[in-house]
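And the structure:
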């Protein structure tokens, strides 16, 4: 009797895990792109930037965003970090722009200026945006890691 119970539990657990695996494999992850960045508050030791992030939902299910945390690299150098508690729902096969704040230090800003001055082609800066979308659901977090280019300073 006890062996039958164990076998039943094992079969149910395997079926549940297979079902959950199917959910993760069929869902496409959202894409997040940097669509704008501009200075907001410049102090001696800390600079705050306003960033517009476009979140695209390529899946068949809506994504409830409860918040997000991210790191921004420019030209492979850590530049800024940010968090947001703005909440929104992104319907299937749509996108929305969310405005967030990113904070950097004087040292990170000076490293970027130095890198741009040394660069042969400063007209385009490569960026990498990585972090986590917090959904508040059972599975909770959706990691992202996106790259792109932004226009550099005009000479």
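In my numbering, the protein residues as written are 1150 to 1304.
The beta-carbon is built from N, C-alpha and C at its ideal position, and this holds for glycine as well.
Taking the CA atoms as reference points, residue 1245 sits about 7 Å from residue 1239. Contact check for residue 1226 against residue 1264 passes: the beta carbons are separated by less than 8 Å.
A Cβ-Cβ separation of about 6 Å places residue 1299 in contact with residue 1183 under the 8 Å criterion.
The closest CA to that of residue 1278, considering only 1235, 1219, 1249, is found on 1219.
A distance below 6 Å between beta-carbons, with the five flanking residues on each side excluded, links residue 1213 to the following residues of its chain, in chain order: 1238, 1284. Secondary structure at residue 1255: helix, using DSSP grouped into helix, strand and coil.
Spanning the alpha carbons of residue 1215 and residue 1205 requires a straight line of approximately 16 Å.
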